[in-house]
Amino acid sequence: MIKIEGLRKEYPNVTPLKNVTVEINRGDVISIIGPSGTGKSTLLRCLNQLEEPTAGTITVDGEVITDPSCDISLVRRKMGMVFQSFNLFANLNMIENVIAAPVALLKIPKEQAYEEGMALLRRVGLAEKAQNYPDELSGGQKQRVAIARAIAMKPEILLFDEPTSALDPTMVGEVLSVIRSLAREGMTMMIVTHEMKFARDVSNRVFYMDEGGIYEDGTPEQIFDAPLKEKTRVFIRRLKQLTLEITSMEADYVGFVSQIEEFGRKNLLSVRTLRNLQLCFEELAIQNILPNVEAGGLPINIVIEYSESTDTVSMVITYGGKKFDPFTEGDELSAGIVKKLASEWGHSFADENRIEIKFVP
Ligand SMILES: Nc1ncnc2c1ncn2[C@@H]1O[C@H](COP(=O)(O)OP(=O)(O)O)[C@@H](O)[C@H]1O
Ligand SMILES: [Mg+2]
């Protein structure tokens, strides 16, 4: 359906895409992952002609859309785009947002566009908000309308650029569920996302982008469980595992908690698991262990890991110094909270102190 050959995009100071050659088949759901700045957004923007490639060709349904004689507005119609920041028209209500482009560009009669638009709003669960304006909706609702608006143009492919990155964690699920249902209906999609669990569930292909192109292209099982190439391996390991180190008594507590939050989002942890994880980190590491280790016991190392196969999160805390068991020797209230929130917890002491706790949903 789409053939990209030798695609190159240069900016004055950086060349994010050096040489991208890949084919996209009808019905493909492709998740695009990779470190920031590796050209993920640039690739989508070259596809829908928001950016002009420096070199290379893109062919859609046999038509070379990078050819100067090609009608760009026709091409854009084939590609729906959903952005991180919703981009709804603030002065139009929801149904007007959805039907504006079909009426203006596809010349669909207003009444028919309205019927179809209402059907789309029902499909994303927002028919009752048809008359509301963007500032009256939550982020998750706005993004669902943005998706309805993109589908209203009957595109052949939908491009999503981090559709859930700007959302409050409680609203990520509703947006992902709309994208999931589109995948089930066979919509061709490319989705730049940090939601690893979602990417695994929804896509048949994953592109890991690095080094100026698609560094590794494989099934979700390959990319997430057994990547073939080194940089993919390092990236995936970091996605699944978070390492924190407390090196001084003046720990940057807020910084740690926000790193845990980001880890939770990448792994699509439930709001509850994430909160429990943050609370246990605070109660154990900050309230209980830190005041009780002697200077020689630092650093305190924390490794948080998510296991996809068992859907469990584990947190292992190790520290030096004398034997100190926070569950029996430390602050009782603090230890009690951890015992209540975690599914499993325990302390052991060999050469160093080691605590392992687990969260089973
Ligand atoms: N319009 C632009 N002008 C100059 N440089 C840009 C522009 N857009 C993106 N870049 C640069 O290109 C690189 C890739 O950007 P981008 O595609 O947004 O990466 P990603 O989406 O993977 O984080 C970055 O170094 C970014 O700073
Ligand atoms: Mg980007």
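The sequence shown begins at 1 in my numbering and counts up by one.
Glycine included, each C-beta is placed from N, C-alpha and C at the ideal position.
Everything numeric in this text was worked out from a predicted model, so none of it was measured.
- Remark: the shortest separation between the CB of Leu228 and any heavy atom of ligand 1 does not fall under 8 Å.
- Note on geometry: alpha-carbon atoms of Leu228 and Glu211 lie some 15 Å from one another.
- At least one heavy atom of ligand 2 lies less than 8 Å from the C-beta of Val192.
- In this structure, the alpha-carbon of Gln222 lies about 10 Å from that of Arg200.
- Counting along the chain, no beta strand (DSSP E) covers Lys107, and no H or E run does either.
- Of Asn132, Glu352 and Lys266, the smallest CA-CA separation from Phe235 is found for Lys266.
- Counted as a single uninterrupted DSSP element, the alpha helix (DSSP H) harbouring Glu174 occupies residues Pro169 to Arg184.
- Nearest to Val257 by C-alpha distance, out of Leu274, Glu250, Met249 and Thr38, is Leu274.
- Distances from the alpha-carbon of Leu44 to those of Gln84, Asn13, Asp67 and Asp71 put Gln84 closest.
- Where Asp161 is concerned, the enclosing beta strand (DSSP E) starts and stops at Ile157 to Asp161.
- Within the segment 1 to 74, complete alpha helix (DSSP H) segments of at least 4 residues are found at 40 to 47, given in chain order.
- The continuous beta strand (DSSP E) containing Thr318 extends over residues Thr312 to Tyr319.
- Exposure of Val254 is indicated by the presence of fewer than 16 other C-beta atoms within 10 angstroms of its C-beta.
- DSSP links Thr188 through a beta bridge to Ile157.
- Put simply, of Ile300, Ala90, Gly56 and Glu352 the residue whose alpha carbon is nearest the alpha carbon of Lys323 is Glu352.
- Across the structure, Asn87 and Met94 are spaced so that their CA atoms are roughly 12 Å apart.
- By the criterion of a C-beta distance shorter than 7 Å, Gly296 is surrounded in its chain by Gly320 and Gly321, once the five residues flanking it on both sides are discounted.
- Contact annotation, Phe160 with Val206: C-beta distance approximately 14 Å; criterion of less than 8 Å not satisfied.
- Note on geometry: alpha-carbon atoms of Ser248 and Pro299 lie some 7 Å from one another.
- Within 10 angstroms of the beta-carbon of Gln131 lie fewer than 16 other beta-carbons, which makes it exposed.
- Scanning Gly80, Thr54 and Arg77 for the CA closest to the CA of Pro68 turns up Thr54.
- Distance from the CA atom of Glu51 to the CA atom of Gly62, rounded to whole angstroms, is 20 Å.
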